[in-house]
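So the structure is just underneath, and the comments pick up after that.
2 protein chains.
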Amino acid sequence: MRSADHPDVSDISLTRVLSALADPLRLGVACLLADGEERQWGDLDVPVSKSTLSHHMKTLRQAGLTRTREEGTRCYVRLRTVELESRFPGLLASILQAAPAEAAPVGLR
Amino acid sequence: MRSADHPDVSDISLTRVLSALADPLRLGVACLLADGEERQWGDLDVPVSKSTLSHHMKTLRQAGLTRTREEGTRCYVRLRTVELESRFPGLLASILQAAPAEAAPVGLR
DNA sequence: GCCGATGTTCGATGGTTGACGAACATCGAA
DNA sequence: TTCGATGTTCGTCAACCATCGAACATCGGC
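Set out below in C-alpha cells:
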C-alpha cells in the first residue's frame, strides 16, 4: 500500500533522509521537485527502467522526503518541503542549493 | 598515505558528504568533533573494532569532512568546518543540529 | 635494541542496495 | 469488454559496504 508508508513528520529520520539524497538519481528527482510543483511519475524523464524508478520513489517516500498521491492508475508526487523544514531547519535548502551540480539528469518529458 | 587523500575544497562532493554522514557511527564522530576541537583516534570511545574505526575515518577523510594529521604513530582529526561551510553553506550546521538524536554513541575515553 | 602502543591493510563474511525484465494488478478509454 | 497505460512486486544479479580478526608497519619509551 503506497499511501501507508508515509512517515509522520516527527518520525522522519535524519540518516534515512541523508541516505535517500545520497543517490544521484533520487537527488535529481528532489531537485526537479524543488519548485514545489506536484508531478506525475510518467512526466519524469529518468534514465532508469520503471521498476527502478518505482523503487527509488518508494525510498524517497519512506524517508519522508516526498508525499505520493494516487489518482486512478496515476501517481503524483511532491516534496514535503514545509514539513522537512520544520523537522530539520535549513537542511533541504542547503542540499538542494548544491545539488544540481552532481544530481542525475532528471527532466520533464 | 593518509595525508594524500584529503580532497581539495572545490572537489568535495555533496553525495559523498551525504553518504558519509548517513552512517550512524560516522555521524556520531562528526557530532563529537562539532565543537571544533582536534581529537586523537584513541580518545574516541566507539563501539567498533579499531580496524573498523580506521575504515570509517578514511571515509570521512576522503569525503572531505575531516582533516587528519599524523604525529608519530598517533593520528589527530578535526572537522573541516570552515571549508565545508564555504562549499555547502548551512549544510553541516543543519545536520549536526539534528544529529545527536540518532547518531551512534561516541564519547571520549 | 626490544617491546608496547597506535593505526593501516588484507581477506573473509554477511547484509544491503541498485539495477533489470517479467509477471501482475488496476484503472480508463475505445 | 477488451486493450493500453501506469505502477508494483518478484526473482535475480552484481556491486558495494560494515564488520571482524590477523598480520603488518611505524614510532616512542624503557
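Note that the protein sequences, when read in sequence, are chains A and B. Note that numbering that gives the first Met the number 0 has the first sequence beginning at 0, numbered continuously upward. Note that numbering that gives the first Met the number 0 has the second sequence beginning at 0, numbered continuously upward. Don't be surprised by glycine CBs; every beta carbon is placed ideally from N, CA and C. It should be emphasised that the depicted structure is a prediction, and the values quoted were computed from it without experimental measurement.
Item to check | Proximal residues of chain B, C-beta to C-beta of Leu13/A below 9 Å | outcome: Leu20, Ala21, Leu26, Ile94, Ala97, Ala98, Ala100, Glu101 and Ala102
Next on the checklist: Between the alpha carbons of Pro6/A and Leu90/B, how many angstroms are there, rounded?
Outcome noted: 23 Å
Checklist entry - For Asp44/B, which residues does DSSP report across the bridge? => result Gly106/B
Checklist entry - Nearest to Glu69/B by CA position, among Glu37/B, Glu82/B, Ala92/B and Val47/B, is which residue? => result Glu37/B
Checklist entry - Taking Cβ to Cβ, would you say Pro23/B is nearer than 8 Å to Ala100/B? => result no
Item to check | Beta carbon proximity, Pro88/B to chain A, threshold 8 Å | outcome: yes
Item to check | Interface partners of Leu17/A on chain B, CB under 7 Å | outcome: Leu17, Leu20 and Ala21
Next on the checklist: Measuring straight from C-alpha to C-alpha, what distance separates Leu31/A and Val105/A?
Outcome noted: 7 Å
Checklist entry - Thinking C-alpha only, which one of Leu83/B, Leu43/B and Thr14/B is nearest Val28/B? => result Leu43/B
Checklist entry - Apart from the five residues on each side of it in sequence, which residues of its chain come closer than 6 Å, Cβ to Cβ, to Leu83/B? => result Leu91
Checklist entry - In angstroms, rounded to a whole number, what distance separates the CA positions of Leu64/B and Thr58/A? => result 25 Å
Checklist entry - At which residues does the alpha helix (DSSP H) containing Glu84/A begin and terminate? => result Thr80 to Arg86
Item to check | Thr72/B in three-state terms, based on DSSP | outcome: coil
Checklist entry - Could you check where the alpha helix (DSSP H) with Pro23/A kicks off and where it finishes? => result Pro23 to Leu32
Checklist entry - Which residues mark the beginning and the end of the alpha helix (DSSP H) in which Ser53/B is found? => result Lys49 to Ala62
Checklist entry - CB-CB under 8 Å to Gly35/B, same chain, minus the five flanking residues each way: which ones, in chain order? => result Arg77, Leu78 and Thr80
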